[in-house]
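In the working numbering, the protein residues as written are 1 to 216.
Take a look at the structure:
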């Protein structure tokens, strides 16, 4: 019995070391550049910073903004376009990078879907002071329309949040950690189909355990 326990312990240690080695190798890979394709992801822009990862997780760390009028974002999106995709990803805003000024609440990780280009997509942002679901559309002032938002549920930096998007076009449901955040219906020229995007603005963000759960 004692020998079996030792064998199990050794096997567990070996497994843990193997997982650690894989993670270390992941972050040693060469950073990705604007326009490059890596597996399922294409880099739209790096924000003059670091973007790297694999099919299931991506780290985005744009260049640090050191003045209030300066901002840097990073965005990767799936190479494949999806019709009414249901998907999930865990978002962890590790650090807000702005220096010399207070960071803005929206400077966190964003999950995007039905993305056609940098000016047409839906997004959810989990902020330290609340949350928002928006539509990027040049037809609106500032090219953005807020579809839903709230401040009763906050999302401090440095924690994992499991974000799930399900679609019954044009109705969309956003769930966080198994609890529904909001169900919205876009009745003004709704977008249908497109890529899935992972975005950050002036924050270091890890997106991990990405999975497509189905398509309509």
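All residues carry an ideal CB built from backbone N, CA and C; glycine is no exception.
* **DSSP state of residue 150 mapped onto helix, strand, coil** => Strand, per DSSP.
* Exposed or buried, which one is residue 109 when buried takes at least 16 other CB atoms within 10 Å? -> buried
* According to the neighbour-count rule (16 or more other Cβ atoms, all chains shown, within 10 Å of its Cβ), is residue 164 buried or exposed? -> buried
* To do: For residue 44, count neighbouring C-beta atoms within 10 Å of its own C-beta (all shown protein chains included) and say buried if the count is 16 or more, exposed if not.
  => buried
* Asked: Using CA coordinates, which residue listed in 113, 115, 107, 146 is at the minimum distance from residue 128?
  -> When only C-alpha atoms are compared, the closest one is 107.
* Since residue 131 and residue 153 are thought to touch, with beta carbons under 8 Å apart, how far apart are those beta carbons, to the nearest angstrom? -> Contact between residue 131 and residue 153 is confirmed by a C-beta separation of about 6 Å, below the 8 Å threshold.
* To do: Could you check if residue 199 is buried or exposed, using at least 16 other CB atoms within 10 Å of its CB as the buried criterion?
  => buried
* To do: Pull up the CB-CB distance for residue 86 and residue 147, whole angstroms please, since I reckon it's below 8 Å.
  => 18 Å between Cβ atoms; not a contact.
* To do: Kindly list the residues whose CB is nearer than 8 Å to the CB of residue 23, restricted to its own chain and excluding five residues on each side of it in sequence; keep chain order.
  => Note on residue 23: pLDDT 48, under 50, position unreliable in the model; no value is reported.
* Which one or two residues does DSSP pair with residue 117 in a beta bridge? -> 120
* To do: May I have the straight-line CA-CA distance separating residue 124 from residue 65, to the nearest angstrom?
  => 22 Å
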